[in-house]
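Below is one structure; the comments refer to it alone.
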Amino acid sequence: MDWLDFFQSITDGLLFGSIYALIGIGFTLIFGVMHKINLAYGAASIAGAYVSIAVAAYVPLPALVTFLIAAIGSGAIAFLIYLANFRFIPLASPLATLMATVGMLILIDEIVVHATDGMPQPYPALFADIYIEWGDFGLRGDLIFIFVLSLIAMVVLMFMLYRTRLGIATRAVAQQPVAAQLAGISLDRTNALTFVITGLLGGLAGAMIGASVGVLSPLLVVPITVKGLIVCVIGGLGSIPGAIIAGLAVGAFENFFLAFRGVTERDMYVMLLLFVFLVFRPGGIFSRSVARD
Amino acid sequence: MLDSKLVRLGAVAALAVAASFGVQSEVSSAEKTVQIAGFGAKSGVVRSFGINTEAVLNGAIEAINAGGGVKLGDGSMAMLELSFYDDRCNAEEGISVLRRIAGSDAVVAIGPTCSNVAEPLFGILQKTVDDEGDSGLQIPVFTDTAIKGGLAKISQWAFRNVPNENQMYKSLFQWISSEHPDLKTVYGGVEEDFAHSRFTWHKVMKERSPEAGYEVLGESKWLLNDTNFTTQVRQMKKAKADIVAISAHPFTTCGVLKEMKRQRVKPSLLVGLTSSSSMETLQGCSEQAEGIIIPTSFAPVTPAAKAAADAAAKFDGSADLHSAAAWEIVMILKEVMEAQGITADGDSVDADRRKIRDGLANLKETDGLLGKIQRTDEGEAVKPYLYVHAQAGEWAILHDPSQ
């Protein structure tokens, strides 16, 4: 491997890692607010993308509108997940909600499989034909678009969290749920809105994955769930800046090892990275100290 | 008074019961059935394979039953009846399904879809017939889809009606060599974690193409559920091969073809995996797949093949190189059942299974949808085949090697 290959693989990975960051933010935001893991999040993200092509099958839509519908569809599914897996299930039992979301993941996956017979569905992309080349170095136009769109989504989310009443309420519930309630903030409403917001982000991520591959398949659900969880842990549970950095880092890391060691070893190194963080920095990238018992 | 009423009621009831028994025995005589079990993936990402196989099986069975059914050893006729099971393309579930089938009245099992199911599943069958030390299952399994090479030799109870990829790709590369003598090099793309695609690249395409005079420049690998093929296609681009052979299933085949278009990788010729000559590929990436050449053992070009395709469509499935094999299997089984004189009464299940196994083992040649199918001593088929290529969103016949 020469330097060009090195930079090429890192750059490709960083661009694709922005999707991992979006997925990781979804996991981490829900954990930050509710201290629960929503394992159905990746499935809802891909299902949102399927909703958008189902709508596009009836009404021809520009790609950007299709992406928007994916976000809205996933937001709606995320709200249903909140109702089915969190709102009416005792939150005191951590396993109850965790297992409920496992069941929801499988349910959503099978609904998609039954609706499509598992057949790959073409998904629209923007700038798919653009490939910028400088000698042997190249950049995919669609991945640059995905990277920029993901950055915009992250900026909007950060603005929402730190500059709006909803964001203040969300952070208040995350930090002190009892005090937040005493201040008149509705826990249920805030939790539900958090799910919808993460659903919107997830739908966008699902659409971006579909756009980057050019095809949607139920096969996408498990890998993005696993990657989202890894990003969430490396970034630090509940840390949004951590999820963003970790998403980009995991994308670059796995792409480097794909080029350097091959596809059969790639995931081994990503898992090793996860173990390294769990052992030496269990609080994630931005944790101040090693906080192990 | 009450007593006489009771007696009369009792007599009427007894007559009714006797009459119903008579009717029942007449019905069971007229509706004698031969139970056949089908199994394959009907959930998960390869669900379409199971749906198509079940549709084709139902179509074939309907055609046979409409013609009077199967003639049994005692001269009576019996209708074929299908039960279809979902194995989810999972080895454990496939084995569990086969054990259930073995415990039923089914005289034969048709399936499975996936090679990673077929391989361990054949392993729980009795390896050698009449080996009393081997307590493996004794039910003939006739496979329509699982295509990884050389699996039927695992057990003498296992039979397959799948195309011989070694022969198909050997012939294809030789034909390409004669049609395009200017092409000299091949580069492979392989879905490394799926039994069929991995076997077909490493043991078939990669070994057969040099025999036709090609130099293999290298290979790119990816996994079944990968989403980013940038690095692999870049490796492909660097190789600058004349022919790119992609041994992968439709989802990643489409992902790679789209990435090849982005990076402007334009080989002179594309060769695909047999399993990708399906509607899935055209649905996912017909534009990028334009021109890809694939050998296949099915195309609706004969009256029988058209009938199979129509029957599959009637049962909401589609006939392709995998599912159409199920049609041939049912027709072969009918011939074997009649030749072997199975009796299909409740007590003869084991004997009927053995007769069917022996009948299948002795076959040397059978009728197929595209012509005669040769049977090998190892329970495999040597099927006629065609080369198709993707053209304007459809699979069009490119060449018939038999002509």
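Chains A and B are the protein sequences, given in the same order. Residue numbering for the first sequence follows the working numbering, beginning at 897 and increasing consecutively. Residue numbering for the second sequence follows the working numbering, beginning at 221 and increasing consecutively. We put the CB at the ideal spot given by N, CA and C, even for glycine. Every value quoted in this text rests on a predicted model; they were computed, and no experiment measured them.
Handout entry: Beta-carbon gap between Glu558 of chain B and Gly588 of chain B smaller than 7 Å
Key = Taking 7 Å as the Cβ cut-off, Glu558 of chain B and Gly588 of chain B do not qualify as a contacting pair.
Handout entry: Other residues of its chain near Ser905 of chain A: CB distance less than 6 Å, five sequence neighbours each side excluded
Key = Asn1151, Phe1152 and Ala1155
Problem - 8 Å CB neighbourhood of Ala1103 of chain A in its chain, flanking five on each side removed - result: Gly944, Ala945, Ser948, Thr962, Phe963, Ala966, Ala967 and Tyr1019
Practice task
Compare the beta carbon distance of Phe1043 of chain A and Leu1022 of chain A with 7 Å and say whether it is the shorter of the two.
Solution key: no
Practice task
Measure from the C-beta of Pro956 of chain A to each C-beta in chain B and report whether the shortest distance is under 7 Å.
Solution key: no
Problem - Beta-ladder partner(s) of Ser467 of chain B, from DSSP - result: B:Val410
Problem - Contact check, Leu490 of chain B vs Val464 of chain B, beta carbons under 7 Å - result: yes
Exercise for the section: Kindly indicate which residue of B:Glu274, B:His542 and B:Ala283 has the alpha-carbon position closest to the one of Phe535 of chain B. Expected result: For the options B:Glu274, B:His542 and B:Ala283, the alpha carbon positioned closest to that of Phe535 of chain B is the one of B:Glu274.
Exercise for the section: Would you please state the rounded distance, in angstroms, between the beta carbons of Gly408 of chain B and Ser467 of chain B? I believe it to be under 8 Å. Expected result: 7 Å
Problem - Through-space distance from Ile562 of chain B to Val951 of chain A, alpha-carbon basis - result: 54 Å
Problem - N-terminal and C-terminal residue of the alpha helix (DSSP H) that Glu282 of chain B is part of - result: Arg267 to Ala286
Practice task
Following the continuous alpha helix (DSSP H) through Tyr954 of chain A, name the residue where it begins and the one where it ends.
Solution key: Start and end: Tyr937 to Tyr954.
Problem - Which listed residue (A:Tyr916, A:Leu900, A:Asp898 and A:Trp899) has its alpha carbon closest to that of Leu1047 of chain A - result: A:Tyr916
Practice task
Let me know the secondary structure DSSP gives Ala610 of chain B once reduced to three states.
Solution key: strand
Practice task
Verify the CB distance criterion: does Leu1154 of chain A have a CB-CB separation below 7 Å to chain B?
Solution key: Cβ-Cβ to chain B under 7 Å: yes for Leu1154 of chain A.
Handout entry: Limits of the unbroken alpha helix (DSSP H) element including Ser391 of chain B
Key = Glu385 to Glu399
Problem - Cβ neighbour criterion (16 or more within 10 Å) applied to Glu1029 of chain A - result: exposed
Practice task
For the beta strand (DSSP E) containing Gly1014 of chain A, list its first residue and its last residue.
Solution key: Per DSSP, Gly1014 of chain A belongs to no beta strand (DSSP E) and is neither H nor E.
Practice task
Select from A:Phe902, A:Trp899, A:Phe912 and A:Phe903 the residue whose C-alpha is nearest the C-alpha of Phe449 of chain B.
Solution key: A:Phe912
Handout entry: Reduced DSSP secondary structure (H/G/I, E/B, other) of Arg1177 of chain A
Key = coil
Problem - Residue from B:Phe259, B:Ala257, B:Asn278 and B:Gly264 whose Cα sits closest to the Cα of Ala533 of chain B - result: Relative to Ala533 of chain B, the option among B:Phe259, B:Ala257, B:Asn278 and B:Gly264 whose CA is nearest is B:Asn278.
Handout entry: Closest by C-alpha distance to Gly270 of chain B, when choosing among B:Leu618, B:Ala546 and B:Val550
Key = Ranking the options by Cα distance to Gly270 of chain B, first place goes to B:Ala546.
Practice task
Report yes or no: is there a C-beta of chain A within less than 7 Å of the C-beta of Ser268 of chain B?
Solution key: yes
Practice task
Return no unless some Cβ of chain A is closer than 7 Å to the Cβ of Glu500 of chain B.
Solution key: yes
Problem - Close beta carbons around Glu507 of chain B, own chain, < 7 Å, minus the five adjacent residues each side - result: none
Practice task
Check whether the stretch 430-437 of chain B touches the stretch 351-366 of chain B, taking contact to mean three or more Cβ pairs, one atom from each stretch, closer than 8 Å.
Solution key: no
Problem - As assigned by DSSP and simplified to three states, the class of Arg1162 of chain A - result: Here Arg1162 of chain A sits in helix by DSSP.
Handout entry: Ser248 of chain B at chain A interface by Cβ criterion, 7 Å
Key = Unreliable positioning characterises Ser248 of chain B in this predicted model, as indicated by a pLDDT of 46, which lies under 50. The coordinate reading is nonetheless provided below. No, its Cβ sits nowhere closer than 7 Å to a Cβ of chain A.
Practice task
Check the Cβ of Ile512 of chain B against every Cβ in chain A and list those closer than 8 Å, keeping chain order.
Solution key: Neighbours of Ile512 of chain B on chain A: none; closest Cβ ~15 Å, over 8 Å.
Practice task
Please classify Val521 of chain B: is it buried, with 16 or more other beta-carbons within 10 angstroms of its beta-carbon, or exposed?
Solution key: exposed
Exercise for the section: Would you please state the rounded distance, in angstroms, between the beta carbons of Leu1096 of chain A and Ser970 of chain A? I believe it to be under 8 Å. Expected result: 7 Å
Practice task
Answer with yes or no whether the minimum CB distance from Asn381 of chain B to chain A is below 7 Å.
Solution key: Not one chain A Cβ lies under 7 Å of Asn381 of chain B.
Problem - Boundaries of the beta strand (DSSP E) in which Ser303 of chain B is found, first to last residue - result: Met297 to Asp306
Practice task
Could you work out which residues of chain B lie near Leu1115 of chain A, taking near to mean beta carbons separated by less than 7 Å?
Solution key: Val265, Leu444, Asn445 and Phe471
Practice task
Could you please tell me which residues of the stretch 320-346 of chain B, in chain order, have their CB closer than 9 Å to any CB of chain A?
Solution key: none
Exercise for the section: Label Arg572 of chain B either buried or exposed according to how many other C-beta atoms from any shown protein chain fall within 10 Å of its C-beta, with 16 as the threshold for buried. Expected result: Note that residue 572 of chain B corresponds to Asp in the displayed sequence, not to Arg. With 16 or more other Cβ atoms within 10 Å, it is buried.
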